[in-house]
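Position in the sequence shown (from 1) plus 325 gives the number in this note's numbering.
Positions of the beta carbon are idealized from the N, C-alpha and C atoms, including for glycine.
Note sheet for the following structure.
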Amino acid sequence: LANSTKHKVRVRQLDFVGAYLQAKTRHRIFIRLPTVYGDLWPEYKKYSGVPLRLVKSMYGMTLSGKYWWQELQEFLVQEAFVASTTVPCFFSKHFSDGSFIKLLNYVDDLLYASNSPNHLQAFEETLGKRFSIELMGQAHWYLSSRISQEANFNISIDQSRYCLSVVKRYLDTAGCPKVNRLHSSPLPAEFIPSADDCSPSQEAIKALEEQYNIAFDSCVGALIYLAQTRPDIAFSVNKLAKFSRSPGIKHFEAILHLLRYLRDNTYLGLRYYSNLSDSPIYKSLRDNKINETGLLLAYSDSSWHDDVDSGRSTGGYLISYMGGIVDHSSNMPGPVALSSAEAEYNEACLATMALSHIQMFQNELENEPVDRVLNTNLYLDNSSAIAMGRSFRDTKHTRHILRRYHFVRTSVENKRLTLVWIPTEHQLADLATKILSGARTSFLTSIIMTIVPEKNIQDSKRSAQEE
């Protein structure tokens, strides 16, 4: 989606009708139809009750998904599409006149875009001759996410409808008093995630789930999926997920607070910009007198010693492409950091690892060698961590750090990464490292995310199936 804004093309969508039924089997598989079929359809009586070799795959088979993927992949390769080595479900085809077709497939749903109407029409006709497909025009809904394509080629993506369904499923039926006040932060300020607050037994967990009428692990699973387009709740979901097996009262109260936050802040999403100067992220950098010109950039931040159970530090990173977030994480690196600088450095390594993957994919999007060097700025608010990344000399304060975390130094040396200092006030990854006040959350969210329209929230041909 973000790459489509760069090239100012529309993203289209199609559906494979009965996808699994269109794939031939690759093994000798036999089935036996019940004899009752012969009584219901006498013309097929000779086929019922006897072994039949399966020629096409069917739904319910273990290998059907694999067969379908092989069928589609072989067709695309035959049509001169090149499969991505970093994102296997992405294919692209580039022509000598500079035009292209790019597509992304998930099971039977396919997104595709092209800067050539002729090549696009030819692709749709060729695909329609081989498979049974339904052309759905411009993409609007994909995997429970709404895609909004604007006149200026900006594209936004949100899960507002899914968010509403999560709130309705877990909050509206919760066994607790209704609280109507506005919730401006995902977690209460006094909440301290701790195993000391876990339930002592399965009976206690069951009693709490009956009291609150919330299946805690199920709710956390739904929130994990929602967090894909909601960086503002990544930290909260990360912390609550740790207690999915034995949640206590405080954890139930915290997840209720998070659900109320989502109720009050439903219509938020991510936006990608055809003109980078319009992006709030780039405006924030200009406010700090940083002239960022790259399409790809990242933020990395970490707290220190905030986990009371293990002494580990919570870190987070945000990766932006075309002015919008394409990858984000809230996590806890394995080592116990001995200083805030070390905690920031460890998290910078995880950010660099994720950034390397995005850089390779960006090269493939532009039909460049996957190992082409792309220098990307990584913004940190800790000058000591930056010094550790730029220096290749170990001291008594850094020699204990595991070698793998020095991937930051290697990337700096190879000119794939530049470490840049940014004031803490404008450190966007702060959102993924700690519980923030409502004002701070709103400030960072206004830069990272965008408000999406409430209209057409149910405008989906297959809303029931997707939910």
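Nearest to residue i (by Cα), restricted to the options the options
i: N505; options: L445, A529, K564, H582; result: H582
i: E578; options: L326, R729, F541; result: F541
i: G573; options: N477, S526, A552; result: S526
i: Y821; options: V432, S485, K564, R765; result: As shown, the chain starts at 326 and ends at 792. That puts residue 821 outside it, with no answer to give.
i: L621; options: M774, H682, T387; result: H682
i: F406; options: L690, M713, D706; result: L690
i: S566; options: A710, M657, R357; result: This sequence places Ala at residue 566; Ser is not what is there. Taking only the C-alpha atoms, the option nearest A566 is M657.
i: Q395; options: D652, S424, T350; result: T350
i: V633; options: H465, Q338, P518; result: P518
Cut-off 7 Å between Cβ atoms - residues of its own chain near residue i, not counting five sequence neighbours on either side
i: C544; result: Y495, I580
i: T330; result: F478, N479, I480, Y597, Y598, S599, M647
i: N538; result: T498, A499, G500
i: I776; result: Y592, L593
i: Y467; result: Q338, D434, L436
CA-to-CA distance, residue j to residue i, given in whole angstroms
i: L742; j: T677; result: 8 Å
i: V492; j: S524; result: 24 Å
i: I644; j: Y598; result: 15 Å
i: K786; j: N613; result: With a pLDDT of only 43 at K786, under 50, the local geometry of the prediction cannot be trusted, and no value is derived from it.
i: Y372; j: L365; result: 12 Å
i: T701; j: A520; result: 39 Å
i: Y704; j: P502; result: 43 Å
i: D719; j: R734; result: 11 Å
i: K740; j: W746; result: 17 Å
i: N688; j: I726; result: 31 Å
i: M386; j: A673; result: 44 Å
i: L604; j: A754; result: First, the residue type needs correcting, since residue 604 is Ser and not Leu in the sequence shown. Each residue's Cα considered, the two are about 17 Å apart.
i: G649; j: I772; result: 10 Å
i: R611; j: E617; result: 8 Å
i: V661; j: H630; result: 8 Å
i: S655; j: F456; result: 41 Å
i: D784; j: Q463; result: Note on D784: pLDDT 45, under 50, position unreliable in the model; the coordinate value appears next. Going from the Cα of D784 to the Cα of Q463 covers about 13 Å.
Proximal residues to residue i (C-beta, below 8 Å), its chain only, five neighbours per side dropped
i: R353; result: R378
i: E515; result: none
i: T554; result: S470, I482, D483, Q484, G594, L595
i: D340; result: D433, D434, L435, I458, E459, M461
Span of the beta strand (DSSP E), counted from its first residue to its last, around residue i
i: S625; result: 621-627
i: T701; result: 701-705
i: N430; result: 425-431
6 Å Cβ shell around residue i - same chain, five flanking residues per side excluded
i: S628; result: S638, T639, T758, K759
Reduced DSSP category for residue i - H, G, I as helix; E, B as strand; rest coil
i: N671; result: helix
i: S509; result: coil
i: M774; result: coil
i: K567; result: coil
i: Q484; result: coil
i: V545; result: helix
i: K740; result: coil
i: P525; result: coil
i: W394; result: helix
i: M647; result: coil
Opening and closing residue of the alpha helix (DSSP H) in which residue i lies
i: A447; result: 442-455
i: S439; result: No alpha helix (DSSP H) holds S439; the beta strand (DSSP E) holding it covers 434-439.
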